[in-house]
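Chains as they are written, first to last, in this note's numbering: chain P, 3 to 235; chain L, -2 to 458.
Glycine included, each C-beta is placed from N, C-alpha and C at the ideal position.
Please read these numbers as outputs of a predicted model, since none were measured by experiment.
To keep things clear, I will list the structure first and then write my remarks on it.
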């Protein structure tokens, strides 16, 4: 769920998601800690939810987030409802070859429920070693199921390898036009004067004014707009 | 309130904190501090700790207010401070209310101790599979709670904290030991400023982080220094293992010999300190290193090599019993693979009777297949590919080229769910070697396999 200041438009993300909705496949939203990965994924979820049941796999607890745990959460999220005791997802996965895991996930993604499912996975690779495999597994699932799979990824350690067949989008900084548009399009700010909204723009870009085309890191924009929102109440 | 002035007065580094302070009530700021310090903290837990720290705080109102702050991510069952703000808020907590910050760490550590006690599983020798699954899950939860406790202790008792971190690293959950170790290490490094007075332990974890995420060679010097120095404790044992693993694969025979010395010391020290997991993996690495030394050291004579192979075989068999007793499928599977490789080396050195060749080769491929299945369940792509390569080499030695090609195909299929560049290159080398030896009978099939491999390996070469 996005707060208004996190709704600064990301046209590139939404364009890529629109393509995914048509053809399926894997989209990687790539950026560091200030890139607003979570917010970009939330925008993707909103867009996907028009035509799909968007299943989001995320961890806000800071727990172990290895590929095994991510796959266990995907397993639980895609599992059809059952009665009676079930072995934990981790236990079931432990007994399964990766090919079989991909097969199961592809089948479950393809099943209509009544709407087709799409998958969104946050922070792939957060606690992973070198040479880990979740990246190609997710790309393979997206390709074989022909469904949208969106992942967020921090490339600080390593760029997402192109050989895994996913579309990679680097999350960019925001410019003045984008921030201003968000302010003017937010319903709850309709009562604010233009001058007040321009003050918010000035606050967001304070420190980068010397540049001809000032930009701001997404996370900084969210922090400043969020603070302005609270400070102007 | 003029936020622009607040920003200008604060300067670049403190800008977001200054804005947060200017637009946030004191109670909410205190709650934010607590969530910045906390790991996996539920709102109900936070409310309880909050009122013990500040008696007159309105916890419910603070939680509602904090949820609308840009300092938190929302979703799921709890609030989480955004990554970019966490360290700033923790520093703000300590600089604003130092004694309360320390007390917060103590209370959070106590909370985790209670969780650890709650999850400590009762012994159930005749449990059903469901009971076993629950017990393993409980055991894991107890371990995670202990790690979080060690994290909080870093602020109040850094010596105890670093000792606990090392002990927990040496005894990780069975199901995913390496992932668990990496998570633990990430938490140690988040507390590195508080653990500065524990340089040995901190150096070990920094080296481990470098080893797993970047270049192992960069970690080697640090690990060797820790291994050489006294005291002879768990930190030394863990460092000797990592150093042995890194040098044990060197192309330099002197480095490999040094690895054997370090691993010998590691095994002895781990036995002494009852670090069973470290002992088992060190003994396995020792066997792998012997095989590697035989291949890189041109000066070894045949009898000496055969003696080393028999020693490795004895150690691998002894290790299998220990791995089975320890109850780790990962360790057992890796040890089985090592045993197969030792037997294959003996096979290649023609150190077995002619009448035994076929039977021994069959034993080797069965071992490799068992190890491969278990390692595939761990999503260990590299191990799957290399066990297939080893099985292919075994079949090729028996001139059963069709089965060798099957094995290579199986290894290559693993690339559909992952690829490990170095392993893929070695698989390709084996495929090329097999093509030379196989003659015309399997040429078409092997050419097709090589062409498919080339589309991937061209990226790495």
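>> Classify residue 235/P: buried if its beta carbon has 16 or more other beta carbons within 10 angstroms, exposed otherwise.
In response: Bear in mind that the predicted position of residue 235/P carries a pLDDT of just 47, short of 50, making it too unreliable to give a figure here.
> Across which residues does DSSP place residue 333/L in a beta bridge pair?
Replying inline: Answer by DSSP bridge pairing: none, since residue 333/L is not bridged.
> Are the CB atoms of residue 435/L and residue 401/L nearer to each other than 9 angstroms?
Replying inline: yes
> Hey, quick one: how far does the alpha helix (DSSP H) through residue 304/L stretch, first residue to last?
Replying inline: 299 to 323
> Between the Cα of residue 1/L and the Cα atoms of 202/P, 126/P and 120/P, which residue gives the shortest distance?
Replying inline: 202/P
>> Beta-carbon within less than 7 angstroms of residue 256/L's beta-carbon, same chain only, minus the 5 sequence neighbours each way: which residues are those?
In response: 241, 244, 245 and 286
> Is the Cβ of residue 387/L closer than 9 angstroms to any Cβ of chain P?
Replying inline: no
> Listing by chain order, which chain L residues have their CB less than 8 angstroms from the CB of residue 209/P?
Replying inline: 4, 9 and 12
> For the stretch 30 to 54 of chain L, which residues have a beta carbon sitting closer than 8 angstroms to at least one beta carbon of chain P?
Replying inline: 36 and 37
>> At the level of alpha carbons, what is the spacing between residue 73/P and residue 126/P?
In response: 11 angstroms
> Smallest Cα separation from residue 109/P: which of 91/P, 121/P, 147/P and 193/P?
Replying inline: 147/P
>> Using a Cβ-Cβ cutoff of less than 8 angstroms, which residues in the same chain neighbour residue 280/P once the five nearest sequence positions on both sides are dropped?
In response: This structure cannot settle anything about residue 280/P, because the visible part of chain P is limited to 3 through 235.
> Do residue 93/L and residue 30/L have their CB atoms nearer than 9 angstroms?
Replying inline: yes
> Which residues of chain P have a Cβ atom closer than 9 angstroms to the Cβ of residue 450/L, listed in chain order?
Replying inline: What residue 450/L touches in chain P: nothing, since even the nearest Cβ is about 13 angstroms away.
> Enumerated in chain order, which unbroken segments of the alpha helix (DSSP H) with a length of 4 residues or greater are wholly contained in the stretch 78 to 149 of chain L?
Replying inline: 80 to 93 and 95 to 116
> So which residues on chain L does residue 205/P lean against when the C-beta distance must stay under 9 angstroms?
Replying inline: 0, 1, 4 and 16
> Nearest-angstrom Cα distance between residue 417/L and residue 342/L?
Replying inline: 24 angstroms
> How many whole angstroms separate the CB atoms of residue 339/L and residue 358/L, which I take to be in contact at a CB cut-off of 8 angstroms?
Replying inline: So it is not a contact: roughly 14 angstroms between Cβ atoms.
>> By the 8 angstroms beta-carbon criterion, what residues does the stretch 179 to 191 of chain L contribute toward chain P?
In response: 179, 180 and 183
>> Taking only three categories from DSSP, how would you classify residue 161/P?
In response: coil
> Which chain L residues sit within Cβ distance under 8 angstroms of residue 81/P?
Replying inline: Within 8 angstroms Cβ-Cβ: nothing; residue 81/P doesn't reach chain L, min ~16 angstroms.
>> Strictly below 9 angstroms CB to CB, what residues from chain L border residue 100/P?
In response: 373, 374, 376, 378, 381, 411, 413, 414 and 415
> Looking at C-beta atoms only, is the number of pairs between the stretch 297 to 305 of chain L and the stretch 316 to 326 of chain L that lie closer than 8 angstroms three or more?
Replying inline: no
> Hey, out of 150/L, 141/L and 89/L, whose CA is closest to residue 106/L's CA?
Replying inline: 150/L
>> Would you say residue 71/L lies against chain P (beta-carbon separation less than 9 angstroms)?
In response: yes
>> So, for residue 65/P: in the same chain, excluding its five sequence neighbours on each side, which residues have a beta-carbon less than 8 angstroms away from its beta-carbon?
In response: 71
> Thinking C-alpha only, which one of 346/L, 380/L, 312/L and 362/L is nearest residue 331/L?
Replying inline: 380/L
>> If you reduce the DSSP assignment to three classes, tell me which class residue 169/L lands in.
In response: coil
>> So for residue 192/L, helix, strand or coil by DSSP?
In response: coil
> Is residue 140/L closer than 9 angstroms to residue 165/L when the C-beta atoms are compared?
Replying inline: yes
> In terms of residue numbering, what span does the beta strand (DSSP E) encompassing residue 32/P cover?
Replying inline: 27 to 32
>> Closest to residue 2/P by C-alpha separation, out of 167/P, 151/P, 150/P and 171/P, would be which residue?
In response: Past the boundaries of the shown model lies residue 2/P; chain P is included only from 3 to 235, so the question cannot be answered.
> Name the chain L residues whose beta carbon is nearer than 9 angstroms to that of residue 155/P?
Replying inline: Simply none; closest approach about 14 angstroms.
> Tell me the DSSP bridge mates of residue 151/P?
Replying inline: 28/P and 121/P
>> Can you give me the C-alpha to C-alpha distance between residue 226/L and residue 192/L, rounded to a whole angstrom?
In response: 19 angstroms
> How about residue 459/L and residue 431/L: do their beta carbons lie closer than 9 angstroms?
Replying inline: Nothing about residue 459/L can be reported from this structure: the residues present for chain L run from -2 to 458 only.
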